[in-house]
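Worksheet for the structure shown next.
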Amino acid sequence: MNRRAFSLLKRILNSKGISFSLIIAMLVFFASSYSGFSNSYLKDIFEIKPKKEIYAKVIKVSDGDTIHLLDENNTKYKIRLQGIDTPENKQEYGQEAKNFLSSMIKDKAVKAVIEDKDKYDRFVATIYLNKMDINRAMVANGYAHAYRDFSTKYIKEEVNARKNRLGLWQSDNVKNPSDFRKENN
87 MNRRAFSLLK RILNSKGISF SLIIAMLVFF ASSYSGFSNS YLKDIFEIKP
137 KKEIYAKVIK VSDGDTIHLL DENNTKYKIR LQGIDTPENK QEYGQEAKNF
187 LSSMIKDKAV KAVIEDKDKY DRFVATIYLN KMDINRAMVA NGYAHAYRDF
237 STKYIKEEVN ARKNRLGLWQ SDNVKNPSDF RKENN
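Numbering (our numbering), first residue to last: 87 to 271.
Right, dumping it as structure tokens:
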């Protein structure tokens, strides 16, 4: 089970008033009581994989939440920015999101902290320019939604951007990018 599934499970359990830690403790207790159950199996289930860091140059910005990197070994990486969802290029504020991201990081050396891979085989990562969290900057400036389906990391920034009507929040008809994709695919 991946982190996204664990995160979703935690939120569901918390909404029902059930502690995730209690569920884990019960699973460990019951599983360990069965013969043939190995502790290595339990370790495989709950092991958190270390995050990989890539230092590379941004060679392309596809849209507001997808970039391409090239490292010093000429290895290319397609990166999906973790925890955010920006309007699609053909959606209102889509080009603005892409342009804002480009203005911050295009042709610059960044650090990508890879956390996962998505269903399109893109690396999912938090991007840093020096010490600035670029994903956070996209949401804080109103060019991205906090992608609640996968993370709760940038919700506070989205709430603030909405309140101050920054970027896409200036519009009276803000459409969630995932809804836009469903309607237009």
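All C-beta atoms in this analysis are idealised placements derived from N, C-alpha and C, irrespective of residue type, glycine included.
{"Check": "Helix, strand or coil at S264 according to DSSP, with G and I counted as helix", "Outcome": "helix"}
{"Check": "Cα-Cα separation, I131 to K137", "Outcome": "Reliability of the predicted coordinates at I131 is poor, the pLDDT of 49 falling under 50, and the value obtained from them is presented with this limitation in mind. So the alpha carbons of these two residues sit roughly 17 Å apart."}
{"Check": "Start and end residues, alpha helix (DSSP H) containing L187", "Outcome": "G180 to I191"}
{"Check": "C-alpha gap between D258 and N250, whole angstroms", "Outcome": "13 Å"}
{"Check": "Touch test, the region 170 to 178 against the region 256 to 271, Cβ-Cβ under 8 Å, three pairs minimum", "Outcome": "yes"}
{"Check": "DSSP three-state assignment for L252, whether helix, strand or coil", "Outcome": "coil"}
{"Check": "Span of the alpha helix (DSSP H) around A195", "Outcome": "No alpha helix (DSSP H) contains A195, which is instead part of the beta strand (DSSP E) from A195 to K203."}
{"Check": "Start and end residues, alpha helix (DSSP H) containing R222", "Outcome": "I220 to A226"}
{"Check": "Where N160 falls, given that 16 or more other Cβ within 10 Å makes a residue buried", "Outcome": "exposed"}
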